[in-house]
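Residue numbering for the sequence shown follows the numbering used here, starting at 17 and increasing by one per position.
For glycine and all other residues, C-beta sits at the position ideal for the given N, C-alpha and C.
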Amino acid sequence: MFVWGFEPVIYDLADRPPATPYLYNVPQRAAWAREEAREALMRDLAASPPAAIVVERRDVFPSVTGDAIDSRDALGGFPALAGLIEARYERAAVIEDFEIYLGR
């Protein structure tokens, strides 16, 4: 499982291990480490494809990420991850602020 957002408790609630050491997406969104963290994340997801990806909406933390957009909108600036989700996953459900994608 992989959560693209700022709710690492989802791993515990789902009783599933994270597919990557990145428990939330701040390193892939913040300017100070963005490119290196994105490359590492994509390597992790390729090496251990998660059965599910959760994308969070309305998680806006400008003092942490450096912008005023949520994780869903931030996918637009991360074509590698957005492309992976589009190519290999289908949206299975939306629960409150979370879009749940399952592998095809």
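Three or more Cβ pairs closer than 8 angstroms define a contact, and the stretch 54-67 falls short of that threshold against the stretch 78-91. If you ignore the 5 residues before and after Ala84, its C-beta comes within less than 7 angstroms of the C-beta of Val76, Pro78, all in its own chain and listed in chain order. The continuous beta strand (DSSP E) containing Leu118 extends over residues 114-119. With contacts defined by Cβ atoms closer than 8 angstroms, Asp60 and Arg74 do not form a contacting pair. With respect to the 8 angstroms criterion, Arg120 and Arg107 are not classified as neighbours on the basis of their beta carbons.
Beta-carbon to beta-carbon, Ile111 and Ala68 are separated by about 12 angstroms, too far to satisfy the 8 angstroms threshold. Separation of Glu52 and Arg45 (C-alpha to C-alpha, rounded to the nearest whole angstrom) is 11 angstroms. Excluding its 5 nearest sequence neighbours in each direction, Val25 has no C-beta neighbour in its own chain below 8 angstroms.
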